[in-house]
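**Q** Oh and the sequence shown: position 454 is 493 in this note's numbering, straight run, nothing missing.
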Amino acid sequence: MELEDTGFDYSLLSDFRARLVQGDAADRLLRVMLTRLTEAGLLKAGGRQRTDATYVLAAVRRLSRLELAGESLRAALEELAVIAPEWLQPLIEPEWDKRYGRKIEIRKVPGGPEAVTARAEVFGRDGQKVLAALWSPGAPGRLRTLPQVEVLRQVWVHHYYWDEEGQLRWRDGHALPPASLRFDSPYDTDAHYCTKNGTEWSGYRVHYTETCEEQRPEIVVHVATTIAPVQDGRLTEQIHDELAQAALVPAEHVVDAAYITPARVQRAQQVHGITLLGPIVADHSRQAKSGEGFGKSAFTIDWDRQQATCPRGKTSSQPGTLRIQGHEYLQFRFAKADCLTCPDRHPCTASASGPRSIALLPQPLHEIQVQTASTSRPSSGNDAMPSAPASRRRSPRPSGATAYGVRAIEGSPRRTSSTYSPPWPATSPAPPTGSPKHPEDVHDQAASTPSVPQRPDDS
Ligand code: SF4
Numbered sequence: 040m041e042l043e044d045t046g047f048d049y050s051l052l053s054d055f056r057a058r059l060v061q062g063d064a065a066d067r068l069l070r071v072m073l074t075r076l077t078e079a080g081l082l083k084a085g086g087r088q089r090t091d092a093t094y095v096l097a098a099v100r101r102l103s104r105l106e107l108a109g110e111s112l113r114a115a116l117e118e119l120a121v122i123a124p125e126w127l128q129p130l131i132e133p134e135w136d137k138r139y140g141r142k143i144e145i146r147k148v149p150g151g152p153e154a155v156t157a158r159a160e161v162f163g164r165d166g167q168k169v170l171a172a173l174w175s176p177g178a179p180g181r182l183r184t185l186p187q188v189e190v191l192r193q194v195w196v197h198h199y200y201w202d203e204e205g206q207l208r209w210r211d212g213h214a215l216p217p218a219s220l221r222f223d224s225p226y227d228t229d230a231h232y233c234t235k236n237g238t239e240w241s242g243y244r245v246h247y248t249e250t251c252e253e254q255r256p257e258i259v260v261h262v263a264t265t266i267a268p269v270q271d272g273r274l275t276e277q278i279h280d281e282l283a284q285a286a287l288v289p290a291e292h293v294v295d296a297a298y299i300t301p302a303r304v305q306r307a308q309q310v311h312g313i314t315l316l317g318p319i320v321a322d323h324s325r326q327a328k329s330g331e332g333f334g335k336s337a338f339t340i341d342w343d344r345q346q347a348t349c350p351r352g353k354t355s356s357q358p359g360t361l362r363i364q365g366h367e368y369l370q371f372r373f374a375k376a377d378c379l380t381c382p383d384r385h386p387c388t389a390s391a392s393g394p395r396s397i398a399l400l401p402q403p404l405h406e407i408q409v410q411t412a413s414t415s416r417p418s419s420g421n422d423a424m425p426s427a428p429a430s431r432r433r434s435p436r437p438s439g440a441t442a443y444g445v446r447a448i449e450g451s452p453r454r455t456s457s458t459y460s461p462p463w464p465a466t467s468p469a470p471p472t473g474s475p476k477h478p479e480d481v482h483d484q485a486a487s488t489p490s491v492p493q494r495p496d497d498s
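1. By Cβ distance, which residues of its chain are closer than 7 Å to Trp240, with the 5 residues on each side in sequence left out?
2. Collect the residues with a C-beta less than 7 Å away from any heavy atom of the ligand SF4 and give them in sequence order along the chain.
3. When DSSP labels each residue in this structure, what does Glu257 get in the three-state scheme?
4. Skipping 5 residues on each side, what residues in its chain have a beta carbon closer than 6 Å to that of Ile145?
5. Please tell me whether Ala286 has its Cβ less than 8 Å away from any Cβ of chain C.
6. Using the Cβ count rule (16 or more neighbours within 10 Å means buried), how would you classify Pro294?
7. Run the CB neighbour count on Phe47, radius 10 Å, all protein chains shown included, and call it buried at 16 or more, exposed below.
8. From what residue to what residue does the alpha helix (DSSP H) around Gln305 run?
9. Please report how far the alpha carbon of Thr314 lies from the alpha carbon of Asp223, in whole angstroms.
10. Give every residue of the same chain whose Cβ lies closer than 7 Å to the Cβ of Ala79, excluding the five residues on either side of it in the sequence, and list them in chain order.
11. If you check the beta carbons only, do Val260 and Leu379 fall under 8 Å apart?
12. Taking the beta carbon of Thr45 as the centre, do at least 16 other beta carbons fall within 10 Å, making it buried, or is it exposed?
13. Mind listing, in chain order, the continuous alpha helix (DSSP H) runs of no fewer than 4 residues lying wholly within the region 233 to 293?
14. Could you name each continuous alpha helix (DSSP H) segment of 4 residues or more that falls completely within the region 161 to 223, going from the start of the chain to the end?
15. Near Arg433, which residues of its chain fall below 7 Å by C-beta distance, leaving aside the five closest residues on each side in sequence?
16. If we ignore side chains and look at the alpha-carbon of each, how far apart do His279 and Gln305 end up?
17. Under DSSP, the alpha helix (DSSP H) around Gly109 begins and ends at which residues?
18. Going by the DSSP bridge assignment, what does Ile319 pair with across the sheet?
19. Could you give the residue range of the beta strand (DSSP E) that holds Phe55?
20. Whole-angstrom Cβ separation of Ser336 and Gln346, contact assumed at under 8 Å?
21. Could you check how far apart the C-beta atoms of Leu112 and Gly166 are, in whole angstroms? I think they sit under 8 Å.
22. Apply the 10 Å Cβ neighbour rule to Glu117 and answer buried if 16 or more other Cβ atoms are within range, or exposed otherwise.
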């Protein structure tokens, strides 16, 4: 393009972005760019890279649960009205035009939670009528496969249940499937609700990996997009594997705490020769967090004899195993007789009647944990954790970025189960899950926090 060329109108950018989304063109473009930069000597394997994630807002209106139910039914009715108007016509009730004739917007329902439930169950009965008709023997089979009909069916599975009398009921907020399974909008079923560090959004999460070396250009070398609730740590291995495929494996990879565990440090080193750098907490125990009592470091471990010795000189029994959040731990338990009579019992354990126990990773991972915790970033910044460029630092609220141009690698909500068989295929949601306690907390009964983000109740 000549220097005096006036360029193109900015409105074309959205067209260009839409074209990039098709057929993973953005990924192919990134690969071509990285190849050219490598050939030009501006990019090479080794050196230091960093990864961080940010949120991506779905390009859909944020809906409450109640609005979602109404809007899902409205979308299915609109679709059926176009595809099969004669089939739909006999189902339509006089008040449906007022109820579903326009976008469902419900600011506040007077009457509190009972009124919300009552209104939701009106939507529920209307949707049930349509679904039952669709799954009746005489209905055209092709209608059951329409996209908005499938969304309607799944939304009803997620948000309603059948009581013992066979009535369709509105689920309580605590009885919903995880946010990663249920829809936030009938118009983008890959958009999911998430909350992190006080920020809540519906959409996706995108992970950028870029080079970060002195006197070298900062170049994005990897981009991965997930549904919003996918935890950052699930991407660490994938990023390393894909960087290896692109021959762009770094020597050092700097990440925040969400991406790093001792097991990931070990794999990165063993599989790719990458030194994974980031803040690892050496001790999750209540005592270490509060700075009161005996943390793990107060205990001496004899790995050969598989025995721990406490500050009072008492020894543990042979460790049992615990599996928490996919990781195996060794749990060293002390004798109840020793702990009940111990003068240091109060600072050692909060248990009223049980002995102290500590949970440690197996020796190689434990040593990585302790070593990495002592050498990685202190609380007030350090050389190992260069900050992200201003353009990619997280803002306190969602940035307004939308899903265009990012590739979803995990998105399709799975179907879920129910105790009563409806006349249309349904399975009810998985029970809500909570974070298992950290092994150190198992004994001391520390409070757990729900891992499944719940949407605010309708009111
Ligand atoms: S409470 Fe038990 S484990 Fe703790 S110091 Fe006393 S004897 Fe050792």
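Even for Gly, the Cβ is constructed at its ideal location relative to N, Cα and C.
**A** Judging by the given coordinates:
1. Tyr94, Leu96, Cys233, Ala267 and Pro437
2. Phe333, Cys349, Pro350, Arg351, Lys353, Phe373, Asp377, Cys378, Cys381, Asp383, Arg384, Cys387, Thr388, Pro394 and Arg395
3. coil
4. Leu105 and Glu106
5. In the structure shown, chain C does not exist; there is a single protein chain.
6. Per the sequence shown, residue 294 should be read as Val rather than Pro. Val294 is buried by the Cβ-count criterion.
7. exposed
8. Pro301 to Arg306
9. 39 Å
10. none
11. no
12. exposed
13. 275 to 284
14. 186 to 198
15. With a pLDDT of 39 at Arg433, under the threshold of 50, the predicted position of this residue should be treated as unreliable, though the coordinate-derived value follows. Only Thr93 meet the Cβ criterion.
16. 13 Å
17. Arg104 to Ile122
18. For Ile319, which the question treats as bridged, DSSP gives no partner whatsoever.
19. No beta strand (DSSP E) holds Phe55; the alpha helix (DSSP H) holding it covers Leu51 to Val60.
20. Not a contact, Cβ separation roughly 17 Å.
21. 5 Å
22. exposed
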